[in-house]
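Inspection log for the structure reproduced underneath, given as structure tokens.
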Amino acid sequence: MTRRVIHWFRQDLRLSDNPALFNACKAGKVLPVFIYDAVSLPELGHRSKWWLYHSLQSLNHSLDGRLKIFEGDTQDIFLDIIKKYNPNQVFWNKVYSPDNLALDSKLLRILKASNIQHEIYNGTLLWDPEKILNQDHSPYKVFTPFYKKACSYPDSPELPVGMPDIHVIDDVFDGIDVDDLDLLSQEQISDRLHASWLIGEAHARRQLNNFVSNSLPNYKHGRDFPSLPNVSRLSPYLHFGEISPNYVWHEVLNVNRFTDFNAEKFLTELSWREFAHYLLYHFPDLPSKNLQHKFDKFPWSNNYKYLELWKQGMTGYPIIDAGMRELIQTGYMHNRLRMIVGSFLVKNLLQHWHLGRDWFWNLLVDADIANNSAGWQWVAGCGSDAAPYFRVFNPVLQGKKFDPNGEYIRRYIPELREVPSEYIFTPWEAPNSVLGHSGVVLGKDYPFPIVDLKESRVQALEAFDNLKIDK
DNA sequence: TTTTGAGTTGTTCGA
DNA sequence: GTCGAACAACTCAAA
301 MTRRVIHWFR QDLRLSDNPA LFNACKAGKV LPVFIYDAVS LPELGHRSKW
351 WLYHSLQSLN HSLDGRLKIF EGDTQDIFLD IIKKYNPNQV FWNKVYSPDN
401 LALDSKLLRI LKASNIQHEI YNGTLLWDPE KILNQDHSPY KVFTPFYKKA
451 CSYPDSPELP VGMPDIHVID DVFDGIDVDD LDLLSQEQIS DRLHASWLIG
501 EAHARRQLNN FVSNSLPNYK HGRDFPSLPN VSRLSPYLHF GEISPNYVWH
551 EVLNVNRFTD FNAEKFLTEL SWREFAHYLL YHFPDLPSKN LQHKFDKFPW
601 SNNYKYLELW KQGMTGYPII DAGMRELIQT GYMHNRLRMI VGSFLVKNLL
651 QHWHLGRDWF WNLLVDADIA NNSAGWQWVA GCGSDAAPYF RVFNPVLQGK
701 KFDPNGEYIR RYIPELREVP SEYIFTPWEA PNSVLGHSGV VLGKDYPFPI
751 VDLKESRVQA LEAFDNLKID K
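To get my numbering, take the position in the first sequence, counting from 1, and add 300.
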């Protein structure tokens, strides 16, 4: 008699190169299950819900409409499924975040009690975080040695496993429709957001192929310029597992040698994603607590007005506002902008990194507990391998350097479109005649800067300085 | 155990 | 305009 196995889809919403699914398919007839669990897991951000909705639609379509979707506490759902359908075995890919790992432990107890076998795979990370350790067998806190050690493992990352031969169990009548999940009600989803993304496994692959052929050849240089199309934009696909990091890694190497500096740079960046997940695995407090505890007494100010202006892209610094508006409009922000706007919030406005973290969490389509937490800790300087405190990004200089023609600024700040490049980074310095000619009245069409850069920088440096005095 | 070298992404100042 | 040093000290990781 054919064995009945469950594949529990989590952050691996794909069929190809899905190790747990692949092995489940070899083991017997498969019941593909997705559980939307708002009980045991933290609530998703608005744009994550939107993306998840479309990702599930796409996955269900690939499975000829036979994805079984449930909503509720994962344990209860499993107890119910086990009772009704009597599976022999359950397969899943591990999700390496504290809440998900806790969920695994609970589920393992249930499976053991019911005498059901299980197989767990790594389908979301390049390297098992347990295995990359330093000489003391403790986790790395610095990226470079972590990366070197990981790369020294000869057989990793593992090769993709390819497409499984799926035979779905078809005598199961439970499950709800994607539309029954309350995923789209949170927020009006704009046309611009829709226009920015094509969601699902097939599109993830297309995105990768386009990137490798067209954008990777100038990646190392072009990745710093937000107006150029040289970043991969794979982050949301990776987050939801529509594509695996292993597949990305090996595809890049199929086309390039590791010695190609563009390929190497990109694989390093992919490994920064890995490092964030690694840190979260070994330091589960990463999302909430400063990795450097001396930052616990940092004198954050609490200025609701500043925060609101930052969120809406109305700080009066064009490069900052362009980044914040890109986020609102497209659910994404170029990596360089994430650093610039983060530095501005934390160092010029002295707002707690938690506030930036939460805004990003709701608006990013690639919102990820590991990447988001590690990124903000890095920007704030409280991570273990973080930017030195005296590194305060100057939004005017960053604009001039990385958006020299103001192309990116003009894309997201239409009211400044006619301002000549000479003044596009500092509209408050433009003579009235120039502003008039550009159709801009400062304070009306576009704000004056909300803080003085020099002053706020000095303030930040003093605040950081105080951290050391009695420590 | 001690020592040594290094650590994603910057800015400012003064020669 | 260009360039190098200073910005601080600390922790990490390996020899």
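Every residue gets a Cβ at the ideal spot worked out from N, C-alpha and C, and that includes glycine.
| task | Throw me the rounded Cβ distance for the Tyr578 and Ile432 pair, which I believe falls under 8 angstroms. | result | About 7 angstroms separates the Cβ atoms of Tyr578 and Ile432, confirming a contact at the 8 angstroms cut-off.
| query | If you compare alpha carbons, which of Tyr336, Leu425, Ile382, Gly743 is closest to Lys412? | reply | Ile382
| Buried versus exposed call for Thr559 [16 or more other C-beta atoms within 10 Å across all chains shown] | Per the 10 Å Cβ criterion, exposed.
| Does the beta-carbon distance from Gly681 to Ala687 come in below 8 angstroms? | Their beta carbons are under 8 angstroms apart, which means Gly681 touches Ala687 by this criterion.
| Same chain, Cβ closer than 6 angstroms to Gly616, neighbours up to 5 away in sequence not counted | Result list for Gly616: Pro747, Phe748, Pro749, Ile750, in chain order.
| message | So, at 7 angstroms on beta carbons, what are the nonlocal neighbours of Leu591 in its own chain, with the 5 sequence-adjacent residues on each side left out? | response | Phe583, Gln677, Cys682, Gly683, Ser684
| query | Excluding the five sequence neighbours on either side, which residues of its own chain have a C-beta within less than 7 angstroms of the C-beta of Gln507, listed in chain order? | reply | Cβ neighbours of Gln507 beyond the five flanking positions: Arg533, Leu534, Tyr537.
| message | By DSSP's criteria, Gln389 is part of a beta bridge. Which residues make up the other side? | response | Within the DSSP bridge table, the entry for Gln389 names Val305, Gln417 as partners.
| Buried or exposed: where does Leu408 fall if 16 or more other Cβ atoms within 10 Å of its Cβ makes it buried? | exposed
| message | On the CB-based measure, 16 or more other CB atoms within 10 Å of its CB, does Asp703 come out buried or exposed? | response | Taking a 10 Å sphere around the C-beta of Asp703, we find 16 or more other C-beta atoms and assign the residue as buried.
| field | Inside the segment 681-759 only - alpha helix (DSSP H) runs reaching at least 4 residues | value | Annotation note: the segment 681-759 contains the following uninterrupted alpha helix (DSSP H) runs of length 4 or greater, listed N- to C-terminal: 695-702, 707-712, 732-738.
| message | Considering only DSSP beta bridges, list what Pro332 is partnered with. | response | His307, per the DSSP bridge assignment.
| Which residues mark the beginning and the end of the beta strand (DSSP E) in which Glu542 is found? | Counting along the chain, Glu542 sits inside no beta strand (DSSP E), nor does DSSP assign it H or E at all.
| request: Taking the CB atoms as reference points, tell me whether Asn671 and Gly345 lie closer together than 8 angstroms. | output: no
| said: Taking its Cβ as the centre, do 16 or more other Cβ atoms sit within 10 Å of Lys771, making it buried, or is it exposed? | reply: Bear in mind that the predicted position of Lys771 carries a pLDDT of just 40, short of 50, making it too unreliable to give a figure here.
| Per-residue burial, Arg314 [other beta carbons within 10 Å of its own, 16 or more giving buried] | So Arg314 ends up on the buried side.
| query | For Gln651, which beta-bridge partners are listed by DSSP? | reply | Ser601
| Considering only the beta carbon of each residue, do Ile306 and Leu331 sit closer than 8 angstroms? | yes
| message | If distances are taken between C-alpha atoms only, which option among Ala324, Pro319, Asp479, Asp436 comes closest to Leu356? | response | Asp479
| query | Start and end of the alpha helix (DSSP H) containing Glu371? | reply | Note, Glu371: premise wrong, no alpha helix (DSSP H); beta strand (DSSP E) at 368-371.
| message | Using C-beta distances below 6 angstroms, list every residue in its chain close to Ser316, excluding the 5 sequence neighbours before and after it, in chain order. | response | Met463
| Given a threshold of 16 other Cβ atoms within 10 Å of its Cβ, counted over all protein chains shown, does Asn602 qualify as buried or as exposed? | exposed
| request: Evaluate Arg303 with the Cβ neighbour count: other Cβ atoms within 10 Å of its Cβ, from every protein chain shown; 16 or more gives buried, anything less gives exposed. | output: exposed
| Where does Lys771 fall in DSSP's three states? | The predicted position of Lys771 is uncertain, since its pLDDT is 40 and thus under 50; a value taken from the coordinates is nonetheless stated next. Of the three classes helix, strand and coil, the one that applies to Lys771 here is coil, per DSSP.
| Who are the Cβ neighbours of Met639 in its own chain at under 7 angstroms, not counting the five residues just before and after it? | Take Met639, set aside five residues on each side of it, and the residues of its chain with a beta-carbon closer than 7 angstroms to its own are Val679, Phe693, in chain order.
| Sub-8 angstroms separation of Phe540 and Leu401 beta-carbons | In this structure, Phe540 lies away from Leu401, with their beta-carbon atoms at least 8 angstroms apart.
| field | Cross-strand partners of Ile499 (DSSP beta bridge) | value | In DSSP, Ile499 forms no bridge with anything.
| query | Rounded C-beta distance between Gly423 and Asp312? I'm assuming under 8 angstroms. | reply | Contact annotation, Gly423 with Asp312: C-beta distance approximately 5 angstroms; criterion of less than 8 angstroms satisfied.
| query | Would Pro273 be called buried (16 or more neighbouring beta carbons within 10 Å of its own) or exposed? | reply | What the structure shows of the chain is the stretch from 301 to 771, and residue 273 is not part of that stretch, so it cannot be assessed.
| request: Flag this pair as yes or no: are the beta carbons of Val339 and Trp308 separated by less than 8 angstroms? | output: no
| Ile416 versus Asp465: straight-line alpha-carbon distance, rounded | 23 angstroms
| task | Answer yes or no: do Gly631 and Leu580 have a C-beta to C-beta separation smaller than 8 angstroms? | result | no
| Thr444: buried (16+ other C-beta within 10 angstroms of its C-beta) or exposed? | By the neighbour-count rule (16 or more Cβ atoms within 10 Å), Thr444 is not buried but exposed.
| Of the choices Asp470, Arg757, Glu458, whose alpha-carbon is the least far from that of Val548? | Measuring from the Cα of Val548, the nearest candidate turns out to be Glu458.
| query | CB Glu779 to CB Tyr689, shorter than 8 angstroms? | reply | No answer is possible for residue 779: the residues shown for the chain start at 301 and end at 771.
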